[in-house]
Ligand code: 3HC
């Protein structure tokens, strides 16, 4: 049987999660990043998550081994030459993504499809960096990719019907649900979620309630699994700030202006769970609401 190969570029939280669900559907996955440590960390992250699922009896040991055997680490972008699809999941920076796609465009055969997991940068803009904008599409996953059931499918202006069909087939294979979304800044979910998050930041700045109570309220009144501050820490405050900046630049509407409190936290290097501090302080092993970000 023909072995189908997908390259995932970027071995961080999202890239590793996407590699894992793709291998779970039987694809051979090349998980690429620029250095061995990052690739190694990505694969360890997948290993730990699979072990945790074996422990919870969600998957068998054989399934775990099968998934791991299908994931190969790589630091050579040239390995993309044998992939039928490349999914980019690097840091949310236009110039970086554009550079990677223009290199991939030279390496990959014309038939290879390109997908980006960008959180909010418009697909048509990213597609303009390659000669195959008909074979370029947004496939946007949510964190953690092996748990969240939805992906957004975002065609650019020149994305072909064939590419949309391929993306839908891929999503079906990895057993996710999809929604088709127009190519606008922030797409659908991040746009709505950013509005909610901004309002939570406004309430905090106006002293309407404490941050832990805003989180509690959204969880207990609306049934959200995480409050807006917990979720912001979980996703990463830098990622959340990028989404707001993209919405603000894209719509030119002051309603999307990033919260000054959020900017201050990002400038200080407190980016959420991944750095030990964000809206909450996790450094003691517990989740303590920060007093210094509240009025
Ligand atoms: N950090 C990292 N991983 C976490 C975590 C945390 N704070 N909390 C839970 N997890 C992981 C667990 O380790 C577990 O992984 P495993 O399957 O490998 O064992 C998995 O999540 C499920 O954990 P639990 O079984 O304990 O389930 P919970 O009931 O605690 O649910 C959750 C955890 C699924 C993360 C749930 O709280 C949730 O759904 N939160 C909302 C997540 C969400 O909204 N995601 C979308 C974010 S927006 C986005 O990604 C878009 C991007 O463009 C910004």
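Residue numbers (the numbering used here): 164 to 458. C-beta atoms are modelled at their ideal positions from N, C-alpha and C, and glycine is treated no differently.
According to the DSSP secondary-structure assignment, residue 301 is paired through a beta bridge with 279 and 317. Counting only runs that start and end inside the region 171-207, the beta strand (DSSP E) elements of at least 3 residues fall at 191-195.
Contact between the region 228-248 and the region 193-213 is present, with at least three C-beta pairs closer than 8 Å. Distances from the CB of residue 285 to the heavy atoms of ligand 1 are all 8 Å or more. For residue 247, the closest of 330, 292 and 346 by C-alpha to C-alpha distance is 330. Remark: the C-beta of residue 394 is in contact range of ligand 1, defined as less than 8 Å to any heavy atom. Excluding residues up to 5 positions away in sequence, 308, 309 and 337 lie with their Cβ nearer than 7 Å to the Cβ of residue 184 in the same chain. Rounded to whole angstroms, residue 395 and residue 288 show a C-alpha spacing of 26 Å.
Comparing alpha-carbon positions, the option among 321, 256, 221 and 172 lying closest to residue 234 turns out to be 172. Boundaries of the beta strand (DSSP E) around residue 342: 340-343. Under the 8 Å Cβ criterion, the region 294-305 counts as touching the region 322-329, having at least three qualifying pairs. DSSP, reduced to helix, strand and coil, places residue 451 within a strand of the structure shown. The nearest non-hydrogen atom of ligand 1 is less than 8 Å from the C-beta of residue 216. If you look at residue 235, you'll find it in the beta strand (DSSP E) that goes 234-237. Per DSSP, reduced to three states, the secondary structure at residue 249 is strand. Residue 413 has its CB no nearer than 8 Å to any heavy atom of ligand 1. Per DSSP, the beta bridge partners of residue 169 are 192 and 248. The closest heavy atom of ligand 1 lies 8 Å or more from the beta carbon of residue 379.
Short note on residue 403: C-beta closer than 8 Å to some heavy atom of ligand 1. Within 8 Å of the C-beta of residue 348 there is not a single heavy atom belonging to ligand 1. Taken from the Cβ of residue 254, every heavy atom of ligand 1 lies 8 Å or farther away.
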